[in-house]
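Number 95 in the numbering used here belongs to position 47 of the sequence shown; there are no gaps in the numbering.
Just so it is clear, CB atoms sit at the ideal spot from N, CA and C, and this is done for glycine as well.
The structure displayed is predicted, hence computed values, not measured ones.
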Amino acid sequence: MRKNFVLFAILANLFLVLACSQEQPSKEQLIGTWKHPISVGSVNVNNESTTVYTYEIFKFKGDGTFVFGEYGQSPLYEVEGRWELTEDKQRLVFSFDNGETSSIDIREFDGNSFVTTSKEGNDFKYTKE
């Protein structure tokens with residue numbers, strides 16, 4: 049019984065340390081440009097394969113507006129609207145002029161990058177430029 053209690057105490061403390069070490073973003077930390085590469089194919093040049101990327105980019109502005117798009121050599125698409133960080137600092141909520149809203153989760157935030165999950169369940173890592 050005592051072994052189980054000690055093991056439980058150790059695991060509980062480990063969980064607490066890991067939970068506390070997870071940095072939560074502030075609005076100020078999110079302001080700026082965040083970029084995520086998307087592999088769109090490859091090109092063979094002189095028998096060397098090179099991966100070709102486009103980038104999803106968030107531009108969060110201090111006035112609460114944002115621009116989001118996918119970019120290659122030129123913008124493939126762009127949307128604009130307003131953004132806010134939820135009170136629990138785990139989601140970004142986006143609102144658009146047509147009244148629609150959407151949101152993304154923020155995980156593994158370290159000040160220079162964060163991970164979010166796409167609608168398809170894929171993890172995307174955005175890095176601050």
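Applying the criterion that 16 or more other CB atoms from any shown protein chain within 10 Å of the CB defines a buried residue, is residue i buried or exposed?
i    : result
T175 : exposed
F108 : buried
T113 : exposed
T28  : Given a span of 49 to 177 for the chain in the structure shown, any question on residue 28 remains unanswerable.
I86  : exposed
State the DSSP-derived secondary structure class of residue i, mapped to helix, strand or coil.
i    : result
E135 : coil
E76  : helix
S87  : strand
D171 : strand
Roughly how many angstroms lie between the CA atoms of residue i and residue j, to the nearest whole one?
i    : j    : result
N160 : S143 : 24 Å
V141 : S97  : 39 Å
I79  : E104 : 16 Å
K137 : F157 : 10 Å
V88  : Y119 : 12 Å
T81  : F106 : 6 Å
G32  : R139 : Outside the modelled stretch of the chain, which goes from 49 to 177, sits residue 32, for which no answer is possible.
D145 : R130 : 9 Å
K75  : K83  : 17 Å
F162 : R155 : 6 Å
E152 : Q72  : The displayed chain sequence assigns Ile, not Glu, to residue 152. So the two alpha carbons sit approximately 15 Å from each other.
E148 : T134 : 17 Å
D181 : S150 : The chain is shown from 49 up to 177; residue 181 falls before or after that span and cannot be answered.
T102 : K173 : 14 Å
E132 : G117 : 18 Å
Residue i bridges to which residues according to DSSP?
i    : result
V115 : K107, E128
I152 : L140
F162 : Y174
Original post:
Are the segment 88-100 and the segment 123-136 in contact at 8 Å, needing three or more beta carbon pairs?
Top reply: no
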